[in-house]
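Step one of this worksheet: look at the structure below.
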Ligand code: ADP
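In this note's numbering, the protein residues as written are 68 to 627.
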C-alpha cells in the first residue's frame, strides 16, 4: 500500500521528474537526471558467476582467512588446465580426499545447465563450454539438513549507497528446500537435481513439493522458522547471524570496486544524474557445522508473492504465497521507507544540494516497452515503475495509476502517510554500523580509486596505455630497475591476457581487474618480503601520498 508510504505511483512513466524510479531488471535508462533509481549500473555484470568468482579470488589472495566462505572456484574454459593440475596436486597430497565439483554456466540462473562431477575429466567440453563459459566449484558435500533435506537461504540485502557504503540486511529471509532426502554425492546420485539443487524453479516440478501456508513447514519456509528450530536444538543462532552479516559485508566489499567503475562511467561525477540503491538476493548454504557459504548474489531477485497452481491439466491459477508475502513485502516496503525522498530532500537542502536538481529539464516520457514490469506489493494492481513522494506533486491517489498518456498531471492533495502506523523496520543496518571491523579489507576499493582517477575521458571503464603511464609517472614508480619500456610491456601483457578472456569487447584497454593484477605485480616487486595484503597496502600508501602532492582530478562521488 503505497499511500501508507506517502508515495504515488506512475506505472506508465511521467513527463516530470520522479523521486524514485523502479526498474524491473537492470539500470538501463540514461534519461534519468535526478531522483533515486533502484538499480546500480553494472550490477548484473558484477554479480555474474565468473565476475563474482574473480572478485572473491582477488579478496581471498589478499585475505585468505577472511574470504574462506566462498567455495574454491575455477573459470572455464581458461582455467581448465589449472583446475586439473590443482585437483591432482590436492589428491596426491591427500589420497583420501574424494571431492565433488559443481559446474555452473556463467550468467545462468534457476539451476539451468548445472551439473555435478567427481573428476575434472567429466567436464562436458563438447560445444557449450566454448560458447558458454562457466564456473566449476567445490561442491559442499555436508550441508546442514532439516527434515533430512538440503536447503538454502535467500536473504535480501539493500545496498543503500555505494559511497559512502551503506548496507542493510533483512531480518528474515526464505529457506528453499530440496524435495528428495539428501545423500552425499555418489556417482549414482550425482544427477538427482531434487536432492542436490535447492532451486525453487526446479523443485516446484517435483511431485514432493509442498506448498504450505505456514512459515515453518513445506518446501519454502521463512529463515526465522529455521533459526527457531536450530535454537531449540541448542545451536548458537547469534553466532550464525554474525557470520552471515560478516559474509554479506565482505561480499559487498569485494563487489564495490567494479561497481564504482561502472558508476562513474554511467553517472559521471559532477553531471546531473540519479543516485542508486538496490535490493540484492544473497543465496547462502549452511554447512553441517553452521558455517555459512555464499553460493551467489542475485541482482534481480524474484519478488513474486504468488505461485502458479494447476487447477486442471493445462489450467493454471496464481495463488498467494503467504511465506513469500511475509518476507518480500516487508523488504520492499522498508526499502522505500529508507529511501524516503523527503528525508533525502531535507538532507540535500541542508547541504545546499539536489533540490535544484529536481527542477532540471523534465525527463522525457519513457515508452512503456522500455520498462520491465514488476508487480511486487500485495494489493498493488499496477506494476510499480515510477514512484513519487506526496510533496513533489500531489495527485489524488485514485487518479494516478491508470491515467491515460497525456492526461493531466495537475496536483491535488495526497493522503498523508501514516508512517507511524507501519511495523518496525525489517531492514537492519550493518554498514557503516560494523565498519570498524571490516574497513581494513577495502584495499581493492582504493586501487579502484586510483584506476578511476587515471581513466581520463569520462564514460569509459578501461584504462589506455597513456593513462597507465601517467599513473606510473605521477606515483613515481618507474626507476632504473623498472623502466618505462618495462611499464609498457607490463601493460601490454596483462591487458592482452584479460582482453583475450573476452567478456567485454566493447572497449579496448585495461579493465579494472587487469589493473588490479598489474598493481599487485608492482607491489610484489617493490615489497618482496611482506605478505600480499601488506605489499598492496604499502604501495597504496606510497601512491596516495605521492598523488596528494600532484594537483589532479579530484574524486567526487555521487553514488550515495
Ligand atoms: P543458479 O543461479 O542457476 O541458481 P546457483 O549458484 O544458485 O545457480 O546454484 C544452484 C543450486 O545449486 C544452489 O541453489 C544450491 O542448491 C546448489 N549449489 C550451488 N553451488 C553449490 C556448492 N558449491 N555446493 C553445494 N551446492 C551448491
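Don't be surprised by glycine CBs; every beta carbon is placed ideally from N, CA and C.
Within the stretch 295-368, the runs of alpha helix (DSSP H) that reach at least 4 residues and sit entirely inside it are, in chain order, 304-333. Remark: C-beta atoms of residue 238 and residue 160 do not approach each other more closely than 9 Å. If the five residues before and after residue 138 are omitted, its C-beta is found closer than 6 Å to the C-beta atoms of 204 and 205, all from its own chain and listed in chain order. In the DSSP annotation of this structure, residue 565 is not part of any beta strand (DSSP E); the continuous alpha helix (DSSP H) holding it starts and ends at 551-568.
Distances between the C-beta of residue 398 and the heavy atoms of ligand 1 are all 8 Å or more. The alpha-carbon of residue 564 is positioned some 19 Å away from that of residue 202.
By the CB criterion at 9 Å, residue 219 and residue 362 fall inside the cutoff. With a cutoff of 8 Å, residue 154 does not count as near ligand 1, since its C-beta is closer than that to no heavy atom of the ligand. Straight through space, the alpha carbons of residue 386 and residue 511 are spaced by roughly 46 Å. Residue 384 carries a strand assignment under DSSP once its states are collapsed to helix, strand and coil.
Uninterrupted beta strand (DSSP E) stretches at least 3 residues long and entirely within the stretch 138-222 occur at 140-143, 168-172, 182-184 and 201-205, given in chain order.
Three or more Cβ pairs closer than 8 Å define a contact, and the stretch 112-124 meets that threshold against the stretch 361-381. The residue among 589, 381 and 322 with its C-alpha nearest the C-alpha of residue 553 is 589. The beta-carbon separation of residue 348 and residue 223, rounded to 6 Å, stays under the 8 Å limit for a contact. Assignment of residue 613 by DSSP, reduced to helix, strand and coil, places it in the helix class. Within 8 Å of the C-beta of residue 363 there is at least one heavy atom belonging to ligand 1. When DSSP reads this structure, residue 510 sits in no beta bridge, so it has no partner. Inter-segment contact for the stretch 309-325 and the stretch 495-511 is present: three or more beta-carbon pairs are separated by less than 8 Å.
The stretch 241-302 contains, as complete alpha helix (DSSP H) runs of 4+ residues, the segments 260-263, 267-270 and 290-299 (chain order). For residue 284, the closest of 243, 120 and 97 by C-alpha to C-alpha distance is 243. The nearest non-hydrogen atom of ligand 1 is less than 8 Å from the C-beta of residue 263. Burial is judged here by how many other beta carbons sit within 10 angstroms of a residue's own beta carbon; residue 132 has fewer than 16 and is exposed.
Proximity of the stretch 180-189 to the stretch 162-171 meets the contact definition, three or more beta-carbon pairs being nearer than 8 Å. By the Cβ test, the stretch 528-535 is not in contact with the stretch 602-618, since fewer than three Cβ pairs between them sit closer than 8 Å. In summary, residue 109 is buried, with 16 or more beta-carbon neighbours lying within 10 Å of its beta-carbon over all protein chains present. For residue 504, the enclosing alpha helix (DSSP H) stretches over residues 502-505.
When rounded, the separation of the alpha-carbon atoms in residue 79 and residue 104 is 16 Å. For residue 397, the uninterrupted alpha helix (DSSP H) run begins and ends at 389-405, by DSSP. The C-alpha of residue 107 lies about 6 Å from the C-alpha of residue 344.
In the three-state scheme derived from DSSP, where H, G and I count as helix and E and B as strand, residue 577 is classed as strand. As a beta-bridge residue in DSSP terms, residue 373 pairs with 387. The Cβ atoms of residue 190 and residue 143 sit closer than 9 Å to each other.
Inside the stretch 83-114, DSSP marks whole alpha helix (DSSP H) runs of 4 or more residues at positions 110-113, from first to last along the chain. Separation of the CB atoms of residue 388 and residue 373 is rounded to 6 Å, and the pair is thereby assigned contact status at 8 Å.
Where residue 498 is concerned, the enclosing beta strand (DSSP E) starts and stops at 494-498. Ligand 1 has no heavy atom closer than 8 Å to the beta-carbon of residue 368.
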